[in-house]
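Shown next, in structure tokens, is the structure this report addresses.
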Amino acid sequence: MKKATELRLCNWILLILTFTILASGIQLEINPEGSPLGAWLHIALGLSFIAIIVWHIHIHNWPRTAHSNGRRHPWLGGFFLLTTISGCIATAHWYGTFTHSTIGGIHGKLGFLFIITIAAHIRKHIRFYRRKKS
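Take 411 as the starting number for the sequence shown in the working numbering and just add one per residue.
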């Protein structure tokens, strides 16, 4: 598969996952003590999201380009790490107690800030989505 085709596929999957994880996160914020199925769905979406983000970074030849990309996207990378770490902690707490916690709330706020930085990143690169297929 050509790099541009692979990146296009990756980007569309990320776009779909962005909206679905946002929707599941909002659902958890509205009803934090709801069905465990909603939390498990959010965890599964989050793990998928992380995997596709790593794939996206790999397509861009990371770590070879990490130095320049790190300077171009510091907020995106920072919120990615904070959201991922807080998500791991919140998942461990939730798995042990099946109750919403303060770290879960913090994870939700960090996740929302991460989604905002993702939206800015998409806006910056929107021409990629509008490009005709080669």
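Built from N, CA and C at the ideal position, the CB exists for glycine as well. None of these values were measured; they are calculated from a predicted model.
Nearest candidate by alpha-carbon position, reference residue i, set the options
| i | options | result |
| --- | --- | --- |
| Leu417 | Ile460, His466, Thr430 | His466 |
| Ile436 | Gly497, His452, Pro484, Ile423 | His452 |
| Leu447 | Trp504, Ala530, Met411 | Trp504 |
| His531 | Thr512, Gly487, His468 | Gly487 |
| Gly515 | Cys420, Phe538, Pro442 | Pro442 |
| Leu492 | Lys519, Thr509, Thr512 | Lys519 |
| Phe522 | Ser511, His483, Ser496 | Ser496 |
| Leu438 | Ser511, Ile528, Thr415, Thr527 | Ser511 |
Pairwise C-alpha distance: residue j and residue i
| i | j | result |
| --- | --- | --- |
| Ser458 | Ala433 | 15 angstroms |
| Ala454 | Asn471 | 26 angstroms |
| Phe524 | Phe490 | 6 angstroms |
| Leu425 | Thr507 | 32 angstroms |
| Ala449 | Trp485 | 26 angstroms |
| Val464 | Leu427 | 14 angstroms |
| Ile509 | Arg540 | The amino acid occupying residue 509 in the given sequence is Thr; Ile does not appear at that position. The straight-line gap from Cα to Cα measures roughly 43 angstroms. |
| Trp422 | Ile513 | 30 angstroms |
Where the alpha helix (DSSP H) through residue i begins and ends
| i | result |
| --- | --- |
| Ser458 | 446-469 |
| Asn421 | 413-440 |
Residue i (DSSP reduced to helix, strand or coil)
| i | result |
| --- | --- |
| Leu508 | The sequence shown places Phe at residue 508, not Leu. Phe508: coil per DSSP, three-state reduction. |
| His483 | coil |
| His535 | coil |
| Leu491 | helix |
Cβ separation of residue i and residue j, assumed to be a contact under 8 angstroms, to the nearest whole Å
| i | j | result |
| --- | --- | --- |
| His517 | Ala500 | 4 angstroms |
| Thr494 | Ile460 | 6 angstroms |
| Cys498 | Ile462 | Contact doesn't hold; Cβ gap of about 17 angstroms is too wide. |
| Ile469 | Lys413 | 7 angstroms |
| Ile440 | Gly456 | Their Cβ separation, rounded to whole angstroms, is 18 angstroms, which puts Ile440 and Gly456 out of contact at 8 angstroms. |
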